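2 protein chains.
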Amino acid sequence: MYEKNGARVTSGPDNLRSVPQNGPMSETVGSFGTLHLEHSSTVDRVAQELRRAVFDGELESGTPLREVALAASLGVSRPTVREALTILVAEGLATREPNRGVHVATPEVDSVRDVCAARWVLEGAGVLRWAEADESQRGRVRSTLEAYTSAVRRGASYQELNERHLAFHVSLVGLTGSPRLVAMADNLVVELKLALAQVERIRRNAHDEADNHTALLLLLEDGDTAAAHAFLRQHLIDAEDDIIDALGLSPN
Amino acid sequence: MYEKNGARVTSGPDNLRSVPQNGPMSETVGSFGTLHLEHSSTVDRVAQELRRAVFDGELESGTPLREVALAASLGVSRPTVREALTILVAEGLATREPNRGVHVATPEVDSVRDVCAARWVLEGAGVLRWAEADESQRGRVRSTLEAYTSAVRRGASYQELNERHLAFHVSLVGLTGSPRLVAMADNLVVELKLALAQVERIRRNAHDEADNHTALLLLLEDGDTAAAHAFLRQHLIDAEDDIIDALGLSPN
DNA sequence: CTCGTCATAATTGTCAGACAATCTGACAAG
DNA sequence: CTTGTCAGATTGTCTGACAATTATGACGAG
């Protein structure tokens, strides 16, 4: 009876975390590599789909997210949509006003400044701990940078470049060795991605900053953490100005 | 019909985090000072009541939070309880295992260490910014310390002392001027309070650290931020050891 | 007597439908 | 021009239900 599901929930080609849990997966055969059981609930999938839509610019900033409309469109019930929306709100991707519903969050200039100030604290703390950090964490910084530069060379999509660029910054926070700080950085990145999604249609250049980051890593490898710290600060300030400029050009 | 509500849900007097941005504010007339309307929803009240129960030690760590039982006990419906529980989980006060329900979180030694490491980053950043901070932020530090010391003198309850003590630490983060960093610090404090609640029945001494904090503030007022920074670091390390010691004494 | 297997109960995840409260906007009344 | 009222829309919350998963306990085999 739950099969009036004409509305497709599956999203674009890059729909990670899918696999609607269809019972007892029959992969009984050998050669278990890294196995993952996507224990995704319906709520998670709805939330992921909404995130994707926001980041891909399908949902403009300020768009109201009506519960009934979404429920009908996604083929799920209203409580499910409601739970997914509270997740989005908690992540800062949407705002809820009592009795007025939830809308896609509008990145204000102040909030962008705040996000950048906060990430300066987090990433700066990571950079300062380069020397004492776990070797595996340093390795993660190197590999995420490598992934970014290779994506740049390969001429990857705007969205992949953004993703990898921001992943590098988060990996800097990982140098602190604190999962909680990394989680905070992830949340900040989500907000940044929201802001960038608003700018995307204005200027989708996503200018190549691979050299900048490589220079930063070189300073770290040389053991000059102070210089790396200062370098990062300037880099973040520039990024903040860039985003705010672009945001100012698209008033609404 | 919705009035079989015999169970009281209203919580303590210190109901912070209320009043979301209330819409289009019609400031057409004069002389409205600071007026606040407690726009609390049922879900918020349930969540607050659960928080209180956890912090007061009524709900031991690991206790399962059954949806139906809570719904019956609080006189609300199961979906309402469910939403409140997701809030608790998001705050780190509880953990949810799919199809197994949510339990009051158990503070592990590792997580306590992580929380302390993270708050060192946040509070340290605030201390370093004492000089450039807003005067109002410095004022907040002074007043929260004053509130703490006066509570100590007055011989306030264990819980109030904890509350004011932690509020002082959060006010240090406020020196950064970043609402997001403060929000992160708040989340960390919530987890600390959970850990402390587990220890509470073992040792409810809550030793008087007012002098320590006063010394820290004096260093700041003297402009010796480096010394204050180092002082804070030692203070946080001591606190971490204290908590972990106490936690180790109460294995389960 | 211990161990594995199976039926049954408990609990969550999700759905459907409903009603009250609140907000929005328009329109009438003063 | 301000205020009161009303219909429509939307959210907040409730009730009831069912499927899927997990825990529990009995039962039989070794």
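Those sequence lines, one after another, are chains A and B.
Going by UniProt numbering, the first sequence opens with residue 1, and the numbers climb by one from there.
Going by UniProt numbering, the second sequence opens with residue 1, and the numbers climb by one from there.
Virtual Cβ for every residue (Gly too), placed ideally from N, Cα, C.
As the structure is a computational prediction, the values presented were derived from the model and not from experiment.
For residue 94 of chain A, the pairing in a beta bridge is given by DSSP as A/104.
Taking the beta carbon of residue 179 of chain A as reference, the chain B residues within 8 angstroms of it are 114, listed in sequence order.
With respect to the 9 angstroms criterion, residue 67 of chain A and residue 81 of chain A are classified as neighbours on the basis of their beta carbons.
Boundaries cannot be given for residue 63 of chain B, as no alpha helix (DSSP H) includes it and DSSP labels it neither H nor E. Within a 10 Å sphere around the beta-carbon of residue 132 of chain A sit fewer than 16 other beta-carbons, which makes this residue exposed.
Residue 187 of chain B and residue 224 of chain B have their C-alpha atoms roughly 29 angstroms apart.
Taking residue 134 of chain B as the centre and dropping the five residues before and after it, the same chain places the C-beta of 177 closer than 7 angstroms to its C-beta, in chain order. Of the candidates B/211, B/128, B/107, B/44, the residue whose Cα lies closest to the Cα of residue 60 of chain B is B/107. At least 9 angstroms separates the beta-carbon of residue 123 of chain A from that of residue 218 of chain A. Residue-level contact by beta carbon holds for residue 188 of chain B and chain A, with a gap shorter than 9 angstroms.
Under the criterion of beta carbons closer than 8 angstroms, residue 247 of chain B and residue 115 of chain B do not qualify as touching, at roughly 12 angstroms. Each of A/98, A/163, A/119, A/87 was checked against the Cα of residue 144 of chain A, and the nearest Cα belongs to A/163. In this structure, residue 85 of chain B and residue 102 of chain B form a Cβ contact; the two beta carbons are roughly 5 angstroms apart against a cut-off of 8 angstroms. By the C-beta density criterion, residue 44 of chain B is buried, having at least 16 other C-beta atoms within 10 angstroms.
Short of 6 angstroms from the beta carbon of residue 141 of chain B, and not among the five residues preceding or following it, lie these beta carbons of its own chain, in chain order: 171. Shown here, residue 58 of chain B sits in coil according to DSSP, grouped into three states, outside any helix or strand. Excluding residues up to 5 positions away in sequence, 144, 145, 148, 213 lie with their Cβ nearer than 7 angstroms to the Cβ of residue 168 of chain B in the same chain. Around residue 195 of chain B, the same chain offers 107, 112, 243, 247 as residues with beta carbons nearer than 7 angstroms, after the five sequence neighbours per side are excluded. Along the stretch 68 to 91 of chain A, the positions whose C-beta sits under 9 angstroms from a C-beta of chain B are 79, 82, 83, 86, 87, 90, read in chain order.
Contact of residue 98 of chain B with chain A is assigned, a C-beta pair being separated by under 9 angstroms. If only uninterrupted alpha helix (DSSP H) runs of at least 4 residues are considered, none is enclosed by the stretch 160 to 192 of chain B. Each residue's CA atom was taken as its position, placing residue 166 of chain B and residue 220 of chain B some 18 angstroms apart.
With a threshold of 16 other beta carbon atoms within 10 Å, residue 78 of chain B falls short and is exposed. Residue environment analysis places residue 137 of chain A among the buried positions, since at least 16 neighbouring C-beta atoms fall within 10 angstroms of its C-beta. At a cut-off of 9 angstroms between C-beta atoms, residue 50 of chain A does not count as an interface residue with respect to chain B. Taking 9 angstroms as the cut-off, the Cβ atoms of residue 100 of chain A and residue 192 of chain A do not count as close.
Around the beta carbon of residue 58 of chain B, fewer than 16 other beta carbons sit within 10 angstroms, so the residue counts as exposed. The Cβ of residue 41 of chain A sits closer than 9 angstroms to at least one Cβ of chain B.
Assigned with DSSP and collapsed to three states, residue 129 of chain A falls in coil, not helix or strand. Closer than 7 angstroms at the C-beta level to chain B, one finds these residues of the stretch 123 to 137 of chain A: 125. CA-CA distance, residue 232 of chain A to residue 216 of chain A, rounds to 7 angstroms.
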